[in-house]
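This report refers to the structure that appears directly beneath it.
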Amino acid sequence: DTGVSQDPRHKITKRGQNVTFRCDPISEHNRLYWYRQTLGQGPEFLTYFQNEAQLEKSRLLSDRFSAERPKGSFSTLEIQRTEQGDSAMYLCASSEQGANEKLFFGSGTQLSVL
Amino acid sequence: AQTVTQSQPEMSVQEAETVTLSCTYDTSENNYYLFWYKQPPSRQMILVIRQEAYKQQNATENRFSVNFQKAAKSFSLKISDSQLGDTAMYFCAFMTAGTASKLTFGTGTRLQVTL
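Quick note, the sequences are listed as chains F and P, same order. Residue 2 is where the first sequence starts when you use this note's numbering, and the numbers rise one by one after that. Residue 32 is where the second sequence starts when you use this note's numbering, and the numbers rise one by one after that.
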């Protein structure tokens, strides 16, 4: 068990460019979550998957955002036509469905849009 | 909608002393969970302690304990025998039972442990 891993750790991009982040959850976890954390704030829920199905999306997830988890393992989060307001840390977490489910977080991808 | 409020942006405590971080929340739900997460400079959110709302007994994990007051909607974290490694941001979080672990976080308290 190597924990939740996210790649890249940092991403700097120019406004209008597309970016994609990857998350590898803990292998036996069937639930995967994306959160966004801006400076001075706690993380905010974006979306979650159970296996390969995307079951819920926050209103924060505009049309420029898309997330996938094609085989129920790793997930990608893509942001198209980035804006300066997209600058934030994007956190991925996973959990095992059950009575004592707890979220395990990765170290995040810090996005800076110039 | 649920809200979580942490009214202490920053706290400081000396090594080996005890410190209490405050958290209040607002919900109309009756069945829920409350959490304290720690976020060190490495940025990874680490679960510190978890409390089920239906349990009257306060949760404890080694040096960490909570004071859960359901009627007052208060959920404070007490750290005993503070260590330098406890320096981090601490987030209080709420989750309605049966909502697939979707967490609502507070704005955090930055804790500095000094020598």
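Where is the CB? At the ideal position from N, CA and C, for every residue including glycine.
DSSP three-state label for residue i, please.
i	result
Leu108(P)	strand
Asp8(F)	strand
Leu115(P)	helix
Asp64(F)	coil
Gln37(P)	coil
Gln98(F)	coil
Gln82(P)	strand
Gln45(P)	strand
Is the CB-CB distance between residue i and residue j below 9 Å?
i	j	result
Ile13(F)	Leu78(F)	no
Val50(P)	Phe136(P)	no
Tyr68(P)	Ile77(P)	yes
Tyr1(F)	Gly109(F)	Only positions 2 to 115 of chain F appear in the structure, and residue 1(F) is not among them; the question remains open.
Gln142(P)	Met42(P)	Residue 142(P) is actually Leu in this sequence, not Gln. In this structure, Met42(P) lies closer than 9 Å to Leu142(P) by Cβ.
Glu57(F)	Lys133(P)	yes
Ser59(P)	Gln37(P)	no
Ser76(F)	Arg23(F)	yes
Ala89(F)	Leu104(F)	no
Under 9 Å between C-beta atoms, does residue i make it to chain P?
i	result
Arg32(F)	yes
Phe22(F)	no
Gly41(F)	yes
Gln55(F)	no
Looking at the C-beta of residue i, does it have a partner C-beta in chain F at a distance below 9 Å?
i	result
Gly1(P)	In the structure as shown, chain P starts at 32 and stops at 146, and residue 1(P) therefore has no counterpart that could be examined.
Phe95(P)	no
Ser73(P)	yes
Phe106(P)	no
Phe99(P)	no
Val35(P)	yes
For the beta strand (DSSP E) that contains residue i, what are its first and last residues?
i	result
Phe99(P)	95 to 100
Asp25(F)	20 to 25
Phe75(F)	Careful: Phe75(F) lies outside any beta strand (DSSP E) and carries neither H nor E.
Gln38(F)	32 to 38
Tyr49(F)	45 to 51
Thr51(P)	50 to 52
Leu56(F)	54 to 58
Hey, would you say the C-beta of residue i is under 8 Å away from at least one heavy atom of the ligand GDP?
i	result
Glu46(P)	For the structure depicted, the ligand GDP is absent and the ligand set is empty, with no information on it obtainable.
Check your understanding: At a cut of 8 Å, does the stretch 103 to 114 of chain P reach the stretch 18 to 38 of chain F through at least three beta carbon pairs?
Key -> no
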